[in-house]
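Everything on this sheet refers to the single structure shown next.
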Amino acid sequence: MRLPITFILLSLTATSLLPAAILSWDRTEVELEMKPEQEEIRASFTVTNEDKKRIRIARVKTSCGCTGSIIDRKILEPGESTEIIATFAKGKRQGTNVNNLKVYIDSQPDPVATLRMRVIIPKLIEATPMIAYWTPTSTQTERRITVTLDERFVDTITGIEYDEKKVNIVEEEPASGDASLILRVTPKSYDVLYRGNIIIKAKGKGGRTAETKAMVFVQP
947 MRLPITFILL SLTATSLLPA AILSWDRTEV ELEMKPEQEE IRASFTVTNE DKKRIRIARV
1007 KTSCGCTGSI IDRKILEPGE STEIIATFAK GKRQGTNVNN LKVYIDSQPD PVATLRMRVI
1067 IPKLIEATPM IAYWTPTSTQ TERRITVTLD ERFVDTITGI EYDEKKVNIV EEEPASGDAS
1127 LILRVTPKSY DVLYRGNIII KAKGKGGRTA ETKAMVFVQP
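Letter by letter, the sequence shown follows residues 947 to 1166 of our numbering.
Okay, here's the thing in structure tokens:
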């Protein structure tokens, strides 16, 4: 049976006019930095039912498959609190990751809160830019790659590996700034197609090691 359009509009209007639940949060945003060995990190958000009626947390929708949630309890009587634990799995991710968790309760079509979890994954060693390339229209001059160490974790460059038959590299101490080393890179020939990598390795206290790579590409 088809419902009249007027009935549908009235139903939608009634739903949108439902009184919003009165909730308070200890926080809705958090910033965390992972340790190099960590694969997962968690953040806790506490919500309190300030309303005069019982509420039920229906679901928490995350913005990324790397993020999950654990709810201490879903049904809150007036004045009661519960904890929502947000989890983040690092996987192969790097840098800064921002993930949102939208919290829904029964009888409310829209989220009652958006929790934001900002996770910083430290880059122990970084090469910038990550590619040195030459094309027929580019200048046949050296390319410079800046190597930076996060000295909280690694403080010594232990090796630089590359194909010495295809590439020339001159190591240069940086004049100032946060850089640890400058690599001045030129191909042996601008007339031969080449794709290869420069592997840069480092170590720190306690035997911690790290490495990164920069690509070398010559397109004659």
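For each residue, glycine too, the CB sits at the ideal point set by N, CA and C.
Terminal residues of the continuous beta strand (DSSP E) containing residue i?
{"i": "LEU1129", "result": "1127-1133"}
{"i": "GLU1118", "result": "1113-1118"}
{"i": "TYR1140", "result": "1140-1149"}
{"i": "GLY1105", "result": "1102-1107"}
{"i": "LYS1069", "result": "From DSSP, LYS1069 is part of no beta strand (DSSP E); its letter is neither H nor E."}
{"i": "GLY1041", "result": "1041-1051"}
{"i": "ALA1160", "result": "1155-1164"}
{"i": "TYR945", "result": "Only positions 947 to 1166 of the chain appear in this structure, which leaves residue 945 out of reach."}
{"i": "ALA989", "result": "986-995"}
{"i": "THR1058", "result": "Checking the displayed sequence, the identity of residue 1058 turns out to be Val instead of Thr. Element bounds for VAL1058: n/a, residue is neither H nor E."}
{"i": "GLU979", "result": "975-979"}
Would you tell me roughly how many angstroms separate the C-alpha atoms of residue i and residue j, rounded to the nearest one?
{"i": "ARG1002", "j": "SER1053", "result": "9 Å"}
{"i": "THR1087", "j": "ASP1096", "result": "29 Å"}
{"i": "LYS1007", "j": "ILE1016", "result": "11 Å"}
{"i": "PHE991", "j": "LEU1022", "result": "15 Å"}
{"i": "LYS1111", "j": "LYS1134", "result": "7 Å"}
{"i": "THR994", "j": "LEU1061", "result": "14 Å"}
Could you give the DSSP three-state label for residue i: helix, strand or coil?
{"i": "GLY1011", "result": "coil"}
{"i": "LEU958", "result": "Per-residue confidence for LEU958 stands at a pLDDT of 38, beneath the threshold of 50, marking its modelled position as unreliable; the derived number appears in the next sentence. LEU958: helix per DSSP, three-state reduction."}
Under the assumption that residue i contacts residue j (Cβ atoms under 8 Å), give the Cβ distance between them as a whole number of angstroms.
{"i": "THR943", "j": "GLN984", "result": "With the chain covering only 947 through 1166, there is no way to say anything about residue 943."}
Confirm, please, whether the CB-CB distance from residue j to residue i is below 9 Å.
{"i": "ILE1067", "j": "ILE1091", "result": "no"}
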